[in-house]
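Everything on this sheet refers to the single structure shown next.
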Amino acid sequence: MKIILVCSAGMSTSMLVNKMRKSAEERNIEAEIKAVAESELKNNMENLDVVLIGPQVRYLEKKIKEQVEPKGIKAAIIDQMAYGMIQGDKVLDQAINLMK
Amino acid sequence: MNNRFMQKFIEIAGRIGSQRHLVAIRDGFVAIMPLVIVGSLAILVNNFPAFGDFKFVEWMNGIFGDGNWQQVGGSIWNGTFAILGLLIAFSIAYNLAKSYSVDGLSAGLISAAAYIMLVPWTGDGGLNAAWMGTQGLFVAIILALILTELFRILVNSKFTIKMPEGVPEGVARSFTALIPATLILILVGLFQALMAVFAEVSVFEVIFTAIQKPLQGLGNTLPAAIIIAFVNHILWFFGLHGTNIIGSVIEPIYLPLIEKNLDLFQGGMSAFDVPYVVTKPFLDSFVFMGGSGTTIALLIAIFIVIRNEQKHPYREVAKLSAPAGLFNINEPVIFGLPIVLNPVMLIPFILVPVTLTIISYVALATGIVPKTVAILPWTTPPILSGYLVTGGSWRGIALQIVNLTVAVLLYIPFVLAGARTLKQRMEGK
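Protein chains in written order, with the numbering used here: chain Z, 34 to 133; chain E, 58 to 486.
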């Protein structure tokens with residue numbers, strides 16, 4: 034599965050991405066996870082399954098959903114606490130649940 | 058807090074934060090940041106302060122001959138700060154066109170060409186360098202936005218040359234842009250001629266004196282600095298990226314101010330005497346230490362207040378946030394503690410930065426601490442940033458330490474209160 038995290042500068046989110054990758058590895062889930070700026074999203078739509086939106090750019094939710102949902106891609110805002118505490122496994126769970 | 062009001066607020070702030078033209082302006086400035094930082098570092102190296110007896114500048118001059126090696130930094134300045142107007146004209150047009158999914162490269166080139174068309178000439182037939190830099194910033198922004206709108210409309214209209222299939226994409230693209238580019242540049246040329254003949258004044262001067270100068274004058278005041286600190290933190294309190302949302306307004310106004318400081322510093326003026334107090338590096342280095350809310354002080358306050366309970370949730374968050382916090386990245390503490398929508402934290406989160414803005418303003422304006430003469434990456438850790446941003450003065454560090462102490466003291470009572478509420482809630486379960 035391919036997961037993209039959208040945030041502003043890509044700084045803090047990249048720490049979360051590392052944790053998520055580690056968690057995916059531990060659980061033997063094959064996942065491509067990366068963080069991009071909102072403007073880069075449209076260049077990363079290929080084979081994309083889930084878009085997770087950083088809570089500090091939650092105002093992009095509507096715009097992103099309009100952009101990706103017609104293509105069957107799921108999108109949601111990352112749980113704020115899990116984001117803050119950099120809980121990679123929880124956020125990964127969120128992505129997996131979205132795909133169900 | 059009233060939920061309906063909150064939703065409305067987030068929606069409005071969000072709409073501003075994702076407004077196409079504002080985003081293009083912001084991203085245009087973000088794109089030239091590397092050049093701006095290199096240009097600023099070049100100035101810093103050229104005017105490096107003496108470490109006790111070791112005088113770097115004199116030492117280098119001794120090796121290469123007076124002023125020779127400084128030409129490197131000088132020419133870096135010429136290629137970066139000295140042509141910021143031109144660079145911005147390109148990068149904003151590029152980003153705006155991209156947001157419409159039309160050819161960004163062509164839009165950027167047209168905008169840059171038009172910018173040069175409008176720049177006044179000197180008596181001996183050269184481009185007037187004064188208008189290539191930050192003095193032309195507002196012209197660059199207006200030009201990029203208007204011309205790119207025109208470009209988009211023309212490209213999507215019938216006025217394009219369609220190449221047959223099989224023509225390489227690069228070639229086809231340049232032909233698509235041909236007629237729009239022709240029309241736009243003729244329009245700009247006509248405008249330029251009309252201004253020169255009838256008004257006998259350059260559009261650069263008009264916009265500079267009518268818009269840019271008054272805004273800059275306003276920007277360099279304490280109330281403006283307080284408003285910026287206040288708005289930024291209100292936005293963050295609602296969990297929105299404050300700096301990002303107000304960036305498109307801040308950058309055009311404040312970049313020219315720091316540029317002026319840098320330029321005079323480069324010319325040999327001391328950092329005490331340069332004119333502008335409020336700049337973005339001023340806020341970044343003296344107020345937003347550890348990120349918005351001066352959260353590095355909050356982390357210290359947590360470590361002071363909660364010493365014994367190793368597993369206390371506050372302590373856990375603080376430990377997790379500390380490494381990134383040194384580099385002014387603070388999302389973990391903002392969302393993890395959380396500060397967002399946490400009524401206990403609202404007061405210090407706004408009070409601390411506003412207080413520090415006032416202290417720092419007074420310290421710089423009265424000449425106790427040198428003003429800012431460097432642009433640093435916003436991830437530069439405090440202490441180091443205080444030293445560099447003042448052109449290498451220990452007084453910059455001293456101000457940061459004073460500010461941090463004040464901030465920690467202001468945060469402590471609220472950490473105590475927050476910890477108590479947390480405890481009550483956990484025991485209440």
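Quick reminder that beta carbons are idealized off the backbone N, C-alpha and C, glycines included.
If you're wondering where the values come from, they're calculated on a predicted model, not measured in any experiment.
query: Beta-carbon proximity check, E/I291 vs E/I307, cutoff 8 angstroms; result: no
query: Which of helix, strand or coil DSSP assigns to E/F121; result: helix
query: From E/V411, E/L340 and E/T412, residue whose alpha carbon lies closest to that of E/P434; result: E/L340
query: Given Z/V69 as reference, the closest of Z/D126, Z/L49, Z/E59 and Z/Q120 once Cα atoms are compared; result: Z/L49
query: Check whether E/S156 and E/R72 have beta carbons under 8 angstroms apart; result: no
query: Supposed contact pair E/I353 and E/I382 - C-beta distance, whole angstroms, cut 8 angstroms; result: Inspection of the sequence shows that residue 382 of chain E is occupied by Gly rather than by Ile. 5 angstroms between Cβ atoms; contact.
query: Reduced DSSP secondary structure (H/G/I, E/B, other) of E/W451; result: helix
query: CB contact check: E/G393 to chain Z, cutoff 8 angstroms; result: yes
query: Where E/W435 falls: helix, strand or coil (DSSP); result: coil
query: CB-CB length for Z/P103 against E/F392, believed under 8 angstroms; result: In fact, because the Cβ distance is near 30 angstroms, the residues do not count as touching under 8 angstroms.
query: Reduced DSSP secondary structure (H/G/I, E/B, other) of E/W293; result: helix
query: Pairwise C-alpha distance: E/A281 and E/L275; result: 7 angstroms
query: Bridge partners - Z/I86, DSSP secondary structure assignment; result: Z/V39 and Z/I110
query: Coil, strand or helix - E/E226 by DSSP; result: helix
query: Residue environment, E/R61, which counts as buried when at least 16 other CB atoms sit within 10 Å; result: exposed
query: Partners in chain E for Z/L74, counting only beta-carbon separations shorter than 7 angstroms; result: Going along chain E, no residue has its Cβ under 7 angstroms from Z/L74, so there is no contact; the nearest lies around 12 angstroms.
query: E/S148 vs E/L200 beta-carbon contact at 8 angstroms; result: no
query: Backbone secondary structure at Z/I62 - three-state DSSP; result: coil
query: Cutoff 8 angstroms: Z/G121 Cβ touching any chain E Cβ; result: no
query: Which of helix, strand or coil DSSP assigns to E/W178; result: strand
query: Sequence-distant residues of its chain with Cβ nearer than 6 angstroms to E/L175 (five each side left out); result: Q249 and V260
query: Closest Cα partner of E/E316 within the set E/S305, E/L204 and E/M90; result: E/M90
query: Min CB distance Z/M48 to chain E below 8 angstroms; result: yes
query: For Z/L125, the nearest candidate out of Z/K55, Z/N76 and Z/N80 (CA to CA); result: Z/K55
query: Against chain Z: residues of the region 325-350 of chain E by CB proximity under 7 angstroms; result: none
query: Near-chain Z residues of the region 71-88 of chain E - C-beta to any C-beta below 8 angstroms; result: G71, R72, G74, S75, V80 and D84
query: For E/N301 and E/S349, believed in contact at Cβ under 8 angstroms, the rounded distance; result: Contact flag wrong, Cβ pair sits at about 11 angstroms.
query: Backbone secondary structure at E/V306 - three-state DSSP; result: helix
query: The region 404-419 of chain E in contact with the region 462-473 of chain E per 3-pair CB rule at 8 angstroms; result: yes
query: Contact check, E/L144 vs E/L92, beta carbons under 8 angstroms; result: yes
query: Contact check, E/A99 vs E/G130, beta carbons under 8 angstroms; result: yes
query: The region 73-104 of chain Z: positions lying closer than 9 angstroms to chain E by Cβ; result: K75, G87, P88, Q89, V90, R91, Y92, L93, E94, K95 and K96
query: Contacting residues, own chain, Cβ-Cβ under 6 angstroms from E/L202 (five flanking each side not counted); result: H78
query: Limits of the alpha helix (DSSP H) - the one that E/Q273 falls within; result: K270 to G276
query: is_contact[Z/M34, chain E] using C-beta, thresh 8 angstroms; result: no
query: Neighbouring residues, chain E, relative to Z/M132 (Cβ below 7 angstroms); result: Per Cβ cutoff of 7 angstroms: no residues; Z/M132 is ~24 angstroms from chain E at best.
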